[in-house]
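Residue numbers (my numbering), protein chains in the order written: chain A, 1 to 82; chain B, 83 to 244; chain C, 245 to 1004. Notes for the one structure printed next.
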Amino acid sequence: MPHVLAMGGDVAQFTGGASEFDVAATTVGAMIRELERRWPGLGDYVERRMAVAIDGEIHQDANGATLAEGSEVCLIPRIGGG
Amino acid sequence: MSKIHVTTTVNGDAAEFLTDPGTTLLDGLRDHLGLTGSKEGCGSGDCGACSIIVDGRLVCACLMLAAEAEGRRIETIEGMAQGSELHPLQQKFLEHAALQCGFCTPGLLVAAKALLDTNPDPTEEETRYWLAGNLCRCTGYDKVIRAVLDAAAVLRQERRAA
Amino acid sequence: MSDVLDRPDAKPGFTSVGTRPIRPDGFDKVTGKAAYGADLVMPGMLHGRIKRSPLAHARILGIDARKALALPGVKAVVTGADFPDFAAEILEGGEAASNTRDMAVNIIARDKVLYDGHCVAAVAAISPAIAEAALELIEVAYEPLPHVIDVEAAMAPDAPVLHDHLFTEGVEPRPTLPSNIAKRHEFVRGDVGAALAEAEVTVVGRYTTKAVHQGYIEPHACVASMSADGQGYVWSSSQGHFMVRTYCAKVLGLEISDLRVTPAEIGGGFGGKTVVYLEPLALALSRASGAPVKMVMSRDEVFRATGPTSGGVIEVKLGARPDGTIIAADVTLKFQAGAFPGSPVGAACMTAIACYDIPNFSVVGWDVVTNSPKVAAYRAPGAPIAAFGVESAMDELARKLGMDPIVLRAKNGARNGVKASYGPTFANIGFLETLDAIKQHPNYVIPLGPNQGRGVAAGFWFNVGGESTAAVHLGEDGTATVVTGNPDIGGSRASMAIMAAEVLGVSVDRVRPMIADTASIGYSMLTGGSRTTFATGMAVVQAAEKVVAELKTRAAKIWDVPVEEVEWAAGQAVCLAKPDVRPLTLRGLAGQSARTGGPISAEVSLNAQGAGPGFAVHLCDVEVDPETGHVTVLRYLAAQDVGRAIHPAYVEGQMQGGAAQGVGWALNEEYIFDAEGRMENAGFLDYRVPVASDLPMIDTVMIEVPNPRHPYGAKGVGEAPIVPPLAAVANAVRAAIGVRMPDLPLSPPKIRAAIDAKGA
Chain A
1 MPHVLAMGGD VAQFTGGASE FDVAATTVGA MIRELERRWP GLGDYVERRM
51 AVAIDGEIHQ DANGATLAEG SEVCLIPRIG GG
Chain B
83 MSKIHVTTTV NGDAAEFLTD PGTTLLDGLR DHLGLTGSKE GCGSGDCGAC
133 SIIVDGRLVC ACLMLAAEAE GRRIETIEGM AQGSELHPLQ QKFLEHAALQ
183 CGFCTPGLLV AAKALLDTNP DPTEEETRYW LAGNLCRCTG YDKVIRAVLD
233 AAAVLRQERR AA
Chain C
245 MSDVLDRPDA KPGFTSVGTR PIRPDGFDKV TGKAAYGADL VMPGMLHGRI
295 KRSPLAHARI LGIDARKALA LPGVKAVVTG ADFPDFAAEI LEGGEAASNT
345 RDMAVNIIAR DKVLYDGHCV AAVAAISPAI AEAALELIEV AYEPLPHVID
395 VEAAMAPDAP VLHDHLFTEG VEPRPTLPSN IAKRHEFVRG DVGAALAEAE
445 VTVVGRYTTK AVHQGYIEPH ACVASMSADG QGYVWSSSQG HFMVRTYCAK
495 VLGLEISDLR VTPAEIGGGF GGKTVVYLEP LALALSRASG APVKMVMSRD
545 EVFRATGPTS GGVIEVKLGA RPDGTIIAAD VTLKFQAGAF PGSPVGAACM
595 TAIACYDIPN FSVVGWDVVT NSPKVAAYRA PGAPIAAFGV ESAMDELARK
645 LGMDPIVLRA KNGARNGVKA SYGPTFANIG FLETLDAIKQ HPNYVIPLGP
695 NQGRGVAAGF WFNVGGESTA AVHLGEDGTA TVVTGNPDIG GSRASMAIMA
745 AEVLGVSVDR VRPMIADTAS IGYSMLTGGS RTTFATGMAV VQAAEKVVAE
795 LKTRAAKIWD VPVEEVEWAA GQAVCLAKPD VRPLTLRGLA GQSARTGGPI
845 SAEVSLNAQG AGPGFAVHLC DVEVDPETGH VTVLRYLAAQ DVGRAIHPAY
895 VEGQMQGGAA QGVGWALNEE YIFDAEGRME NAGFLDYRVP VASDLPMIDT
945 VMIEVPNPRH PYGAKGVGEA PIVPPLAAVA NAVRAAIGVR MPDLPLSPPK
995 IRAAIDAKGA
């Protein structure tokens, strides 16, 4: 089961403080749906406002990306550049 | 107020146009003669993007009136290459990658030409101070200076060979 | 199409990657032929001008444009009432998520003006002079309101409030009263309080920066034409014409396919042209007047009414053991957002200590609205400001510990396997190598004279990937056209040609790159975030690979062998099954394409993931004139992990350009506001960017730790170079004068005052 870590206070707003949790999902899209189910609003927030780092690689708008069993998954705010 | 009729020479060719009295020479070149190579970066003579040579002297076209072109000899970026043959400065700018966005490049090239026309063997410091009136935000000037010094060497070589 | 492909580590021994061909658009740019935003003329074109607020904060009581409309030659006037009013909506047309309504109101005011220069109306007339005269005839009645610009003053409970609907996000409980504090960001690990108490060596500092502008030499410019059937055309210089299309459609309530945007050449952007200011106004004026409308900003307007970056306050506490192990970092950032929420403080929080592996930290950031122009992205947005504070504090810590500043950074440095301060575990990064490159460089030990000082600083930037489309078409003579949708700000066209040439196995001069308009190529995210060589390059490579696959299929058909028996090498198809058969060249196959199946071309759209972060370390030597306080930069060295330098000269150019902007930010640049909240130095004379005589040659060292996610190992390079210079310069000044200067810019009067105070 992928372990999800969320740095920053954004996610904790929805989870009532929790910033680390396990999520049974094999893709980013499935993870988002699971997060939405557990904490309404969070899945939507992650999909639109956050990026997902899978084993160190940053993904934005990558719902199809796969999450392996021991994947390190980090939710981070979206990054924009200049 | 009626327009002023201006007769002048641009890049060796006779040119004439009608202009409002308050129009700058930069706008005159760009809008009346279609020579859009000279750029406006500031309109106040601080950035050098509109650099041209008038009667052998480097000026900011935004600080002259179009009407003041009457009877003068004007050189712009469009006259720097001879047909398809680039001036050594232009060639060296390309070889040294001395441009990124390219907006300041026409002004820099004209200013550098004015430098080498008067001082064929400038030091790095002389080059930097001469070009201090041409702002570049992309390159940090390093490759620009190298290109100018390299072009100066080429021109000195050509002069010796001639 | 996904970007995930099996790819071994990028190998050395390339044919084109790493070479320095002359850029394909170079001839036009050195002869004045290249067409920028203000260079287009359309038949019947009108000229647009903008009426701007002279007040920093006021209610608009009424706008009367009747006299302006009556002026002969005036063809249209628009105000906020002519634009759709809609509920707040998060828009993803550009790189940063932004509130659509905020953007629309920034483009033209509705019930309030929020900064000196805020647009209240726009005019189109048959000549610029008549348009200017018409502005004078537009009567606007204002009710002035108190204004606030300083970030801490804007956070105070009694500050004038800009938006009645703004309630601070990220604090519990959520406030019931509106304020200027849009959001609180927080990144925490471990127990920083306990760790600071336990640390034997601590450093505390408070640092400030002022708002600065990207300073692109080309002012914003566009020509727009809107037909009676609702179809629109825009020519503009921007960092992304698809972004222009999206934003114009949203702001005006148009359908995206009704708009076609052609990218002009762009005269600098650095993030400041990732949003629109003129295009929706020009389209609205064109629609109202029935003629094309050209709008060009003056330099004064660029400073007052586009998007500088935040000024900020950075408070830093570092706690370490005597051996230099940093065990605690407590950072607070307060950033000006300008008139609407959305400063880069969130990214600044994530980058602030990203160079280091610190077990206990708290990084808190405040996004605060102020009566100044809405900030826009500026090259690694937010990161330079945070780095200024953190790297100055690191310098103080090194002094306190008696440690070499590079050794201190290396001891605590991020490396593969370390969990970044913003969450993910680092892989394929080259920070330690970059630090070492500085330490081993001869410049590190050049002896210094009186009043001279040496400073070093590090910096981090994420770099992004995102959506890109590229197409490769073969001409009948075997030359190739590579088409993308990313404006070329810094020479990226050349890199696209290099990468396509590498795949096709031909010489770079047989590949011509083009940048197509929004109707002629699939969607591409804008040019920024150091993404073009990485993401668009990836699309180019994949498109070229599809072309190669098709060429092999054609060769197989001609030879009547299975395609597995065909190999592509050095621009030719080789028949493995029949070795004595002559290879077929790309030119030969292209010439026969009609007979073998038709035109050979491919288009690839992808969403590139896995962009590699960039680490930069800069070394700066300065000399300070004790009489005048003037700082001369004697030597400058920039080292950076670039992944793989596709075109080394343009990578060097990014490093040098970013360093130069950072030097200006450190020494001279700042927005100066008067007591009425009006910018006093809105021109290049008094807003002092570095000139050629201010800088020495800028030496560069490129470290290549390839990013395995890119076919040639490329990492973004454009933004990291602006992150270290602020502190590198400040640390050098500290060394030269013996006094810490915590407030930027380090202009001569400030340095004189510090020297005097020290002597007293």
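Cβ atoms here follow ideal geometry from the backbone N, Cα and C, with glycine treated the same way. It should be emphasised that the depicted structure is a prediction, and the values quoted were computed from it without experimental measurement.
Just to check my reading of the structure: residue i and residue j have Cβ atoms closer than 8 Å, yes? What is that Cβ distance to the nearest angstrom?
i: glycine 887 (chain C); j: lysine 959 (chain C); result: 3 Å
i: valine 274 (chain C); j: glutamine 172 (chain B); result: 4 Å
i: valine 613 (chain C); j: leucine 389 (chain C); result: Contact flag wrong, Cβ pair sits at about 14 Å.
i: alanine 532 (chain C); j: valine 322 (chain C); result: 6 Å
i: valine 445 (chain C); j: glutamate 746 (chain C); result: Not quite, the Cβ-Cβ distance comes to about 51 Å (not below 8 Å), so this is no contact.
i: cysteine 142 (chain B); j: glycine 127 (chain B); result: 4 Å
Which residues does DSSP list as the beta-bridge partners of residue i?
i: threonine 944 (chain C); result: C:Ala882
i: tyrosine 600 (chain C); result: C:Gly657
i: histidine 291 (chain C); result: C:Ala369, C:Lys538
i: leucine 100 (chain B); result: B:His87
i: leucine 217 (chain B); result: Per DSSP, none; premise fails for leucine 217 (chain B).
i: methionine 923 (chain C); result: C:Phe917
i: valine 467 (chain C); result: C:Trp479, C:Lys538
i: valine 447 (chain C); result: C:Leu562
i: cysteine 363 (chain C); result: C:Arg296
i: glutamine 164 (chain B); result: B:Glu167
i: proline 757 (chain C); result: C:Val726
i: alanine 846 (chain C); result: C:Val716
i: tyrosine 45 (chain A); result: Answer is none; tyrosine 45 (chain A) lacks a bridge partner.
i: glutamate 640 (chain C); result: None, per the DSSP bridge assignment.
i: valine 432 (chain C); result: C:Ser606
i: phenylalanine 258 (chain C); result: None; phenylalanine 258 (chain C) has no bridge partner.
i: aspartate 611 (chain C); result: C:Lys427, C:Phe579
To which residues of the same chain is residue i closer than 6 Å at the C-beta, ignoring the five residues directly before and after it?
i: alanine 621 (chain C); result: Gly515, Thr518
i: arginine 798 (chain C); result: Leu833, Thr840
i: asparagine 663 (chain C); result: The identity of residue 663 (chain C) in the sequence shown is lysine, whereas the question assumes asparagine. So the list reads Thr669, once near-sequence residues are dropped.
i: isoleucine 510 (chain C); result: Ser481, Pro731, Ile733
i: glycine 906 (chain C); result: Ile966, Pro969, Leu970
Given residue i, which residues of its chain have a CB within under 8 Å of its CB, disregarding the five upstream and five downstream residues?
i: valine 825 (chain C); result: Trp803, Cys819
i: glutamate 336 (chain C); result: Because glutamate 336 (chain C) sits at a pLDDT of 46, beneath the cut-off of 50, its placement in the model cannot be relied upon, and the following sentence gives the value as read from the coordinates. Nothing listed; no residue qualifies.
i: leucine 198 (chain B); result: Leu171, Pro204, Val230, Ala233, Ala234, Leu237
i: leucine 284 (chain C); result: Val467, Trp479, Ala508, Lys538
i: leucine 247 (chain B); result: This structure cannot speak to residue 247 (chain B), because chain B is shown only from 83 to 244.
i: arginine 78 (chain A); result: Arg49, Met50, Ala51, Gln60
i: alanine 62 (chain A); result: Val28, Val52
Ordered along the chain, which non-local residues of its own chain (more than five positions away) have a Cβ less than 7 Å from that of residue i?
i: leucine 795 (chain C); result: Trp812, Ala817, Leu830, Leu833, Ile844
i: serine 71 (chain A); result: Pro2, Ile54, Asp55
Mind checking the segment 893-907 of chain C against chain B and listing, in chain order, the residues whose C-beta falls within less than 9 Å of any C-beta there?
For the segment 893-907 of chain C, the residues whose beta carbon sits under 9 Å from a beta carbon of chain B are, in order, Ala893, Tyr894, Glu896, Gly897, Gln898, Met899, Gln900, Gly901, Gly902, Ala903, Ala904, Gln905, Val907.
Residues, ordered as in the chain, of the segment 591-607 of chain C that lie near chain A by beta-carbon distance below 8 Å:
Flagged, chain order: Ala591, Cys593, Met594.
Start-end ranges of the alpha helix (DSSP H) lying completely within the segment 377-414 of chain C, minimum 4 residues
Those alpha helix (DSSP H) runs which fall completely within the segment 377-414 of chain C and span 4+ residues are 395-399.
Can you list, in chain order, the residues of the segment 59-77 of chain A whose Cβ is nearer than 8 Å to any Cβ on chain C?
Answer set for the segment 59-77 of chain A: His59, Gln60, Asp61, Ala62, Gly64, Ala65, Glu72, Cys74, Leu75, Ile76, Pro77.
Going residue by residue through the segment 674-750 of chain C, where are the continuous beta strand (DSSP E) segments of at least 3 residues, counting only ones entirely within it?
Listed in chain order, they are 696-705, 710-718, 724-728.
Chain B contacts made by the segment 939-951 of chain C, where a contact means CB separation under 7 Å
Answer in chain order: Leu939, Met941, Ile942.
Listed in chain order, which residues of the segment 107-129 of chain B have Cβ atoms closer than 9 Å to some Cβ of chain C?
From the segment 107-129 of chain B, only Asp109, Arg112, Asp113, Gly116, Leu117, Thr118, Gly119, Ser120, Lys121, Glu122, Gly123, Cys124, Gly125, Ser126, Gly127, Asp128, Cys129 have a Cβ closer than 9 Å to chain C.
Near-chain C residues of the segment 4-21 of chain A - C-beta to any C-beta below 8 Å:
Going along the segment 4-21 of chain A in chain order, one finds Leu5, Ala6, Met7, Gly8, Gly9, Asp10, Gln13 with a Cβ nearer than 8 Å to chain C.
Runs of beta strand (DSSP E) wholly within the segment 857-903 of chain C (minimum 3 residues, chain order):
Segments of the beta strand (DSSP E) lying fully in the segment 857-903 of chain C: 858-868, 875-885.
Going along the chain, which unbroken runs of the beta strand (DSSP E) with 3 or more residues stay wholly within the segment 521-581 of chain C?
Runs of the beta strand (DSSP E) lying entirely within the segment 521-581 of chain C, each at least 3 residues long, are 537-540, 556-564 in chain order.
Report the residue ranges of all beta strand (DSSP E) runs contained in full by the segment 775-841 of chain C; include only those spanning at least 3 residues, in chain order.
Counting only runs of 3+ residues, the beta strand (DSSP E) found wholly inside the segment 775-841 of chain C occupies 810-813, 816-819, in chain order.
Contact list for the segment 517-543 of chain C against chain D, Cβ threshold 8 Å
In the structure shown, chain D cannot be found, because the protein chains are A, B and C.
Which ranges does the beta strand (DSSP E) cover as unbroken runs of at least 3 residues, wholly within the segment 111-156 of chain B, from first to last along the chain?
Here the runs fully enclosed are 133-136, 139-142.
Any chance you could list the alpha helix (DSSP H) runs of at least 4 consecutive residues sitting entirely within the segment 191-235 of chain B, in chain order?
For the segment 191-235 of chain B, whole alpha helix (DSSP H) runs of length 4 or above, ordered along the chain, are 206-212.
Taking only beta carbons into account, state which residues of the segment 787-819 of chain C come closer than 9 Å to chain A, listed in chain order.
So the list is empty, because no residue satisfies the distance condition.
Could you name the residues of the segment 130-144 of chain B whose beta carbon sits closer than 8 Å to any beta carbon of chain C, in the order they occur along the chain?
Near chain C, meaning a CB-to-CB distance below 8 Å, the residues of the segment 130-144 of chain B are Ala131.
For the segment 683-710 of chain C, which residues have a CB atom closer than 8 Å to at least one CB atom of chain A, in sequence order?
Those would be Trp705, Phe706, Asn707, Val708, Gly709, Gly710, in chain order.
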